[in-house]
Amino acid sequence: MATIYSHSHHNMSLSKEFPGGITNGASWYPIYGGMQDWNYIHAGCFELTLEISDNKWPNANELPTLWQYNKKSLLNLVASVIKTGVHGRIFSSDSGRPIPGIIAIKGINYTVNAGRRFADYHRLLAPRERYEVLATMPGYKSKSTSIWLGETAVNADFILDPEVITKVHNACDCGSGSKKRLGNVWEVHSLIYIFLVCTLAFVCVLLKRKMRSNISSNRQLTKRSLRV
Numbered sequence: 154m155a156t157i158y159s160h161s162h163h164n165m166s167l168s169k170e171f172p173g174g175i176t177n178g179a180s181w182y183p184i185y186g187g188m189q190d191w192n193y194i195h196a197g198c199f200e201l202t203l204e205i206s207d208n209k210w211p212n213a214n215e216l217p218t219l220w221q222y223n224k225k226s227l228l229n230l231v232a233s234v235i236k237t238g239v240h241g242r243i244f245s246s247d248s249g250r251p252i253p254g255i256i257a258i259k260g261i262n263y264t265v266n267a268g269r270r271f272a273d274y275h276r277l278l279a280p281r282e283r284y285e286v287l288a289t290m291p292g293y294k295s296k297s298t299s300i301w302l303g304e305t306a307v308n309a310d311f312i313l314d315p316e317v318i319t320k321v322h323n324a325c326d327c328g329s330g331s332k333k334r335l336g337n338v339w340e341v342h343s344l345i346y347i348f349l350v351c352t353l354a355f356v357c358v359l360l361k362r363k364m365r366s367n368i369s370s371n372r373q374l375t376k377r378s379l380r381v
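Quick note on numbering: the sequence shown equals residues 154 to 381 in this note's numbering.
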């Protein structure tokens, strides 16, 4: 990216102090706790420091000239973001929906998070190198692919498979537990039903006996009255 900016500039690439008009910041002078490192590690942002004038506070009448010298470089720098590196999306194989996975490059201790809505990722990488790109997502099997990154960007979409074995195992466990609980409920209900039936039958027997006793008493009272 620095090379793109320098070579698109009016005269930056002609620098005698810095070959090609660019330099590694750490090789030039070290900065500890700088904003560039913090943004790269914690915010996922890639920063470039642009030294566009020998004078830190140029006069206002010099600004149009500085703009003309740097306009093409700025436009090409923005365009290079999608023209270089590896880009793509991450999908779930069972639903086909995008999932916000994580992209890692083997050998580089840095990861990129895919977008939550579209699961798109964008990873800037140096050209003319071979890379192994790894996509991961909790609850899914990881997948990797090897790419050769030339002068143009590479598109690499990933379709991750759910961890079926774990889910099936859990489903079986839940199902067996549910069956056990359901069996216990039916057993309790059956006992309650039997108890109620027996109680009702016992009450019916008592009522029937009481009715017979009342009928006998009435008959005896009737006979007695006739006798009197």
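We treat Cβ as the ideally placed atom computed from N, Cα and C, and that holds for glycine. Quick caveat: nothing in here was measured; it's all calculated off a predicted structure.
key: In DSSP terms, what I312 is bridged to   = Bridge partners of I312: F244.
Status (buried if at least 16 other CB within 10 Å, exposed otherwise) for A279 = When all chains shown are included, A279 counts as exposed.
query = Does the distance from the CB of V265 to the CB of G187 come in under 8 angstroms?
reply = Contact annotation: V265 and G187 have beta-carbon atoms that are not nearer than 8 angstroms.
I243 beta carbon less than 8 angstroms from that of N223 = Judged by beta-carbon spacing, I243 lies beyond the 8 angstroms limit of N223, meaning their Cβ atoms are not closer than that value.
task = Kindly give me the distance between the Cβ atoms of R270 and V239, rounded to whole angstroms, as I take these residues to be in contact under 8 angstroms.
result = Contact flag wrong, Cβ pair sits at about 20 angstroms.
ask   = Does the stretch 278-298 come close enough to the stretch 250-257 to have 3 or more Cβ pairs within less than 8 angstroms?
value = Touching, yes.
ask   = From G173 to R283, what does the alpha carbon distance come to, in whole angstroms?
value = Rounded to the nearest whole angstrom, the C-alpha separation of G173 and R283 is 25 angstroms.
request  = Give the straight-line distance between the Cα atoms of N212 and L167, rounded to the nearest whole angstrom.
outcome  = For N212 and L167, the distance between alpha carbons rounds to 24 angstroms.
query = With a CB to CB cut of under 8 angstroms and the five nearest residues on each side skipped, what residues in its chain are close to L201?
reply = M154, A155, Y158 and L230.
task = Report buried or exposed for F311, applying the criterion of at least 16 other Cβ atoms within 10 angstroms of its Cβ.
result = By the neighbour-count criterion, in which a residue is buried when 16 or more other Cβ atoms sit within 10 angstroms of its Cβ, F311 is buried.
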